[in-house]
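**Student:** Protein chains in written order, with our numbering: chain A, 264 to 697; chain B, 548 to 626. Beta carbons: idealized from backbone N, C-alpha and C, even for Gly.
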């Protein structure tokens, strides 16, 4: 199977080389200036393309752009654009690979989107100390301020919730990478209360191509519900782990094949990321990689993460490690997330160690039931989904652990969990007065 | 008059628990002391009690918002 035709974003390693970028993709198309509160023609083209956000939500990008324009119109404020290149998911590498290979395509998309919604500033956010930051800095410098809008770069702290959309808007506007209470949503009132178009780096890269080649070209590959190609970071028990570009709707089996095939038997996989879901390998393997397609197995493409668990690993041990990390990544602003995730993590640690009593399992299930939907952001929802799907997918293993046994014999961990002690931010905002 | 739903600003809430004392028919506390709120609209006498609970919140975290529809709707922000 040849995949070159589907390599729209990762076809060539161009790097921070503007001349090479222009000779490969052509110059960035010009756009007439739009009046404040009005949408440029590109917004309709993006809507027609069916482009859906690749940061995890898969929300229609064109509709989001229209919502920002409408909010800007009614608030009489100039909107802003924020590019999320933070890549908070530890198991994901797609944004880093994309920025490494084609930083100018991401910047083009953001500049074009800004023009189309009447914004004059684009801020790109990348992780402090990450490789993307330097590449983006060089790429922005090469453009030498010739863009019709201003390009800025900010670095964000290495914290999972820092890439959550309200946290990122807060970081760009006020330098504080903590989620804020919604509504209002970011598209209505984000960076310094301006309507904000905040999307993932990959989404903007696709947009940069839609502006050049049109909606019909974009829709010519992929699943009609969410057309185009998409980046998937494949990890775990595959021969060649890494970032792939595939048409949406490609089956999990094909994706694993492109990653060199699985190494040995596998029984489960993580889809979407650590705010995503565990799925049974048998249930998911012939499903198409789209939000609707993976739903029957309880999976989701999310931020484009697929990690396959080898059969000799313990899914409960892996889950306990990840959830402990996710609990530590809570901003600690909302009680149910701060205390709920910590309690769930403690239960899972006991379960993984074979020390949880059967009666305590009901307590864990109750906690998994009451925490979701009770944070300002979706961080607790994602962590709980990860934990809850583990209990379903590894149901037999749960029973074994309750009787003090574990069927795994592998000593090496599979899921990447960042090192370093996770701590809550120094003071919880609002608690300083005590 | 259509109903109002009780909501809480999760970041502002510090788990004082005043709301659950004043509005036990709609609010219970989880094991960490944070409110779990019945998302259906409050009307009549219950609405009066809800207003009292909102005004009594020491963190000003509790709010009454007009229910968009009669059907219970829980606002869930997308990531």
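1) Which residue spans inside the region 463–487 of chain A form an unbroken alpha helix (DSSP H) run of at least 4?
2) If residue 494 (chain A) and residue 357 (chain A) are in contact, beta carbons under 8 Å, what's the gap, nearest whole angstrom?
3) Could you tell me which residues DSSP pairs with residue 418 (chain A) in its beta bridges?
4) When you compare only the Cα positions, how much space is there between residue 383 (chain A) and residue 445 (chain A)?
5) If distances are taken between C-alpha atoms only, which option among A:675, A:308, A:671 and A:315 comes closest to residue 485 (chain A)?
6) Taking 7 Å as the cut-off, decide whether the C-beta atoms of residue 508 (chain A) and residue 272 (chain A) are in contact.
7) So, residue 522 (chain A) versus residue 501 (chain A), is the Cβ gap smaller than 7 Å?
8) When the Cα of residue 488 (chain A) is compared with those of A:300, A:677, A:310 and A:443, which residue comes out closest?
9) Determine the chain B residues that contact residue 602 (chain A) at a beta-carbon separation under 7 Å, and present them in chain order.
10) To the nearest angstrom, how far is the alpha carbon of residue 560 (chain A) from that of residue 528 (chain A)?
11) Find the residues of chain A that neighbour residue 556 (chain B), judging by a C-beta separation of less than 7 Å, and give them in chain order.
12) Give, in chain order, every unbroken run of the alpha helix (DSSP H) that is at least 4 residues long and sits entirely within the region 570–631 of chain A.
13) Specify the secondary structure class of residue 395 (chain A) as computed by DSSP and reduced to three states.
14) Could you give the residue range of the beta strand (DSSP E) that holds residue 505 (chain A)?
15) Do residue 294 (chain A) and residue 300 (chain A) count as a contact pair if the criterion is CB distance below 7 Å?
16) Who are the Cβ neighbours of residue 696 (chain A) in its own chain at under 8 Å, not counting the five residues just before and after it?
17) Is it buried or exposed for residue 567 (chain B), if we count other Cβ within 10 angstroms and need 16 for buried?
18) Once the 5 residues before and after residue 634 (chain A) are set aside, which same chain residues still bring their CB inside 6 Å of it?
19) Could you give the DSSP three-state label for residue 341 (chain A): helix, strand or coil?
20) Is the separation between the beta-carbon of residue 742 (chain A) and that of residue 680 (chain A) shorter than 7 Å?
21) Buried or exposed for residue 439 (chain A), please, with buried defined as at least 16 other CB atoms from any protein chain shown within 10 angstroms of its CB.
22) Unbroken beta strand (DSSP E) runs of length 3 or more, entirely within the region 526–558 of chain A: which are they?
23) In this structure, does DSSP put residue 351 (chain A) in helix, strand or coil?
24) Check this for me: beta carbons of residue 542 (chain A) and residue 562 (chain A), under 7 Å apart or not?
25) Listing by chain order, which chain B residues have their CB less than 8 Å from the CB of residue 599 (chain A)?
26) Is it buried or exposed for residue 255 (chain A), if we count other Cβ within 10 angstroms and need 16 for buried?
27) Any beta-carbon of chain B closer than 7 Å to the one on residue 266 (chain A)?
28) At the 7 Å Cβ level, is residue 591 (chain B) part of the contact set with chain A, yes or no?
29) For residue 560 (chain B), which residues in chain A fall below 7 Å Cβ to Cβ?
30) Of all the options A:457, A:425 and A:373, which has the alpha carbon lying nearest to the alpha carbon of residue 391 (chain A)?
31) Looking at chain B, is there any beta carbon in it that lies within less than 7 Å of the beta carbon of residue 633 (chain A)?
32) Find the residues of chain B that neighbour residue 471 (chain A), judging by a C-beta separation of less than 9 Å, and give them in chain order.
33) Could you tell me which of A:373, A:375, A:367 and A:564 sits nearest to residue 398 (chain A), measuring between CA atoms?
34) On the three-state DSSP scale, how would you describe residue 301 (chain A)?
35) Could you pull the DSSP bridge partners for residue 554 (chain B) from this structure?
36) What residues in its chain sit with their C-beta under 8 Å from that of residue 757 (chain A), if we drop five residues either side in the sequence?
**Tutor:** Looking at the atomic coordinates:
1) 464–482
2) 4 Å
3) A:389
4) Inter-residue distance for residue 383 (chain A) and residue 445 (chain A) is about 25 Å (C-alpha atoms, whole angstroms).
5) A:315
6) yes
7) yes
8) A:310
9) In chain order, 579 make up the part of chain B whose C-beta sits under 7 Å from the C-beta of residue 602 (chain A).
10) 19 Å
11) 444
12) 578–591 and 598–615
13) helix
14) 505–510
15) no
16) Residue placement at residue 696 (chain A) is poorly supported in this model, since its pLDDT is 48, which falls under 50; the coordinates still yield a value, given next. Hits under 8 Å: none found.
17) buried
18) 599, 603, 643 and 647
19) coil
20) The displayed coordinates of chain A run from 264 to 697. Any statement about residue 742 (chain A) would go beyond what the structure contains.
21) exposed
22) 529–534 and 540–543
23) coil
24) yes
25) 557, 577, 579 and 581
26) Residue 255 (chain A) lies beyond the range of chain A shown here (264 to 697); nothing can be said about it.
27) Low confidence applies to residue 266 (chain A): its pLDDT is 45, below 50, so where it sits in the model is not reliable, and the reading given next is rough at best. Not one chain B Cβ lies under 7 Å of residue 266 (chain A).
28) no
29) 598
30) A:425
31) yes
32) Neighbours of residue 471 (chain A) on chain B: none; closest Cβ ~23 Å, over 9 Å.
33) A:367
34) coil
35) According to DSSP, which records beta bridges pairwise, residue 554 (chain B) is partnered with B:610.
36) The requested residue 757 (chain A) does not occur in the structure, where chain A is confined to residues 264 to 697.
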